[in-house]
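What the sequence shown shows, in our numbering, is residues 184 to 649, in sequence order. Here the structure is laid out as structure tokens; the discussion comes afterwards.
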Amino acid sequence: MRDLEKLKTEVFKRRPVLKKIYRQSGHLSLFDYVNSWKAESGELDRQFIKILESLLNKQLPKAETKKIIGRLKFFSLVSTVDHHGILNHPFFINSNLLFSFYNSYKYLLCLSTSGVSLNNSSWPACLIYHQQGKQQRYSIFSDKDKNLPVFSHRAYRKSDIHQFLEKLQGDKLKVLAKQIFLDRRVLKCKNFSDQASLISYKLWQKIFPKAPKVVYLPLEDLASEVIAGIISKDKRHVLHEALFARKGPELLEKYFLGLQGAFGPKGRGSFLFWAIDKAGRRARLERRGLKIENDEMGIGISLNPKSIAGALKRRKIYPTSLLCFLVLLYYGLTCLGGFNQTNWLTDIKKRFVKLLKEQKNLKLAKKIGRAVTDNFAESNLAFLTHQKKLIKASGVDIFLEGKNMYAKYRNLSKSTKLKESIETLLPEMYRIVVPEEKRRDVLLKITDEQIAKANGLEKQIIEIIK
């Protein structure tokens, strides 16, 4: 395909880390690439581990938490690919499949992003599945809530699920939904975010009974607890100085202003935290001196340890992606990411190192500089067929198929090259990374199906999953 090269050029020049991964590791099978991922080794901070353990104990038996912590203490690989919600979207089924092939892990810890809105394209409060080859979507909540983030959304009630069940087609799916969504523990949760963690844990095991278990923990919850419980109380902590010292916010602006996932002029992003208003809506915050404010919504919070810790504990604010990942970098977690994250987290790391060097904190700068930020965990792997055509399968699709698809996908990962998988993702990436006014019609017309046919992947997939 002649236009495939043009597509690669347009995407790779905007995502140079992905280009490097494609060129250096594209010849590897997906399975071998996954098992080449690197991670930090060495014992993690005890206070950090204590907070993580406490959060996990809220949703898991203590014996299972102990196993996760035991592995993580000395090999710190986690996934930060997923949006927090119901684990079902093809995108996240694929990322967790890849993670599950790594190094005999029994539990896959996903620090999922709960700041996404319910109307995000990942549809965190919906079940997606195919009917007669066409993807259908069924939401738990009404459309009036669609702009609220998962972080602040109320828990669903029995009445919501009874209405939801009426929309679903097929007895097998309805039985599954009743078992999971009407589980007593799930119904006792205080918010949808907590419900989503329990639902995803159960649903994944229904989809892939023989796979390692996936554990969802909202990234914002972990970062909030660490900031409130450790950073706000320790004046010697480098992030305490960055957040609360007189010159700290100016230093953060010097290095991170305008960066993707951070904050910028003209309404882009939010300064270190997002606020939640009385209606549960997300509100952007601007820094004015040592305060963060939103005049339109009458929100103002002082950038001091007590005010920030209090607002975090009351869930009136939550950390932005930038601040969440600064926390993870500081505490030595190695994050799996998608094509955007591998690029901007690498950039965050470089800027964090420069900031630390300016502070003369050379030992920490050296440690952060070694952090691995380019473990790539995206693929097109979870397929099913309908009338001899491939469909990108959701978790529900795979469950309804009723076969041991996990073994088939594992075999497929051993015969699919990383470069082939990345190539089939390029049409979607192109629409995301190239500004609308610069997109070319000839490249917009290219589909992942066309690429899979051209590079021989389609035939290979059908042969393995049939």
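Each residue gets a CB set at the ideal place from its N, CA and C atoms; glycine is no exception. All figures in this text were calculated on a predicted structure; none of them were measured in a lab.
Proximity of the stretch 385 to 396 to the stretch 490 to 508 falls short of the contact definition, fewer than three beta-carbon pairs being nearer than 8 angstroms. Judged by DSSP in its simplified three-state form, residue 500 adopts strand. Residue 554 and residue 598 have their alpha carbons spaced roughly 30 angstroms apart. Between residue 525 and residue 204, the CB-CB gap stays under 8 angstroms. Excluding residues up to 5 positions away in sequence, 395 lie with their Cβ nearer than 6 angstroms to the Cβ of residue 288 in the same chain. For the stretch 460 to 520, the continuous beta strand (DSSP E) assignments of 3+ residues that do not extend past its boundaries occur at 469 to 471, 474 to 477, 482 to 485, 500 to 502, 517 to 520, in sequence order.
In this structure, the alpha-carbon of residue 296 lies about 32 angstroms from that of residue 633. Just so you know, the alpha carbons of residue 591 and residue 643 end up roughly 12 angstroms apart.
Rounded to the nearest angstrom, the gap between the Cα atoms of residue 284 and residue 482 is 46 angstroms.
Taken through DSSP and simplified to helix, strand or coil, residue 185 comes out as helix. The beta carbons of residue 503 and residue 458 sit about 11 angstroms from each other, so the pair does not count as a contact at 8 angstroms. In the structure shown, residue 617 adopts coil according to DSSP, grouped into three states. Around the Cβ of residue 535, a 10 Å sphere holds 16 or more other Cβ atoms; the residue is buried. In the DSSP assignment, residue 438 falls within the alpha helix (DSSP H) that extends over 431 to 439. Residue pairing for residue 573: DSSP places it in a beta bridge opposite 568. Put simply, of 359, 365, 290 the residue whose alpha carbon is nearest the alpha carbon of residue 345 is 365. Ranked by Cα distance from residue 527, the first of 537, 548, 505 is 505.
Residue environment analysis places residue 627 among the exposed positions, since fewer than 16 neighbouring C-beta atoms fall within 10 angstroms of its C-beta.
Out of 533, 490, 563, the CA that lies nearest to the CA of residue 427 is found in 490.
At a Cβ-Cβ threshold of 8 angstroms, residue 325 and residue 308 do not count as neighbours. Taking residue 191 as the centre and dropping the five residues before and after it, the same chain places the C-beta of 609 closer than 7 angstroms to its C-beta, in chain order. The continuous stretches of alpha helix (DSSP H) do not include residue 320, which lies in the beta strand (DSSP E) extending over residues 317 to 322. The Cβ atoms of residue 573 and residue 641 lie closer than 8 angstroms to each other. Between residue 358 and residue 270 a beta carbon distance of about 19 angstroms is seen, past the 8 angstroms cut, so the two are scored as non-contacting. Close CB contacts of residue 373 within its chain, under the 7 angstroms cut and outside five residues either way in sequence, are with 338 (chain order). Pairing residue 596 with residue 213 gives a Cβ-Cβ distance under 8 angstroms. Runs of the beta strand (DSSP E) lying entirely within the stretch 225 to 308, each at least 3 residues long, are 260 to 262, 290 to 295 in chain order.
In this structure, the straight-line span from the alpha carbon of residue 484 to that of residue 210 is close to 51 angstroms. Sequence-distant partners of residue 423 (beyond 5 residues in either direction) whose C-beta falls short of 6 angstroms from its own C-beta, in its chain, are 414, 417. Residue 217 carries a helical assignment under DSSP once its states are collapsed to helix, strand and coil. Residue burial annotation: residue 623 is exposed, with fewer than 16 other C-beta atoms found within 10 angstroms of its C-beta.
With a cutoff of 8 angstroms on beta-carbon distance, residue 517 and residue 222 are scored as near each other. Using a C-beta cut-off of 8 angstroms, the stretch 535 to 546 makes no contact with the stretch 234 to 254, since fewer than three inter-stretch Cβ pairs fall below that distance.
Burial of residue 432 is indicated by the presence of at least 16 other C-beta atoms within 10 angstroms of its C-beta. Setting aside the 5 residues that flank it on each side, residue 330 is surrounded in the same chain by 300, 302, 464, each with a C-beta closer than 7 angstroms to its C-beta; the list follows chain order. Just measuring C-alpha positions, the residue of 636, 621, 579, 631 sitting nearest residue 311 is 579.
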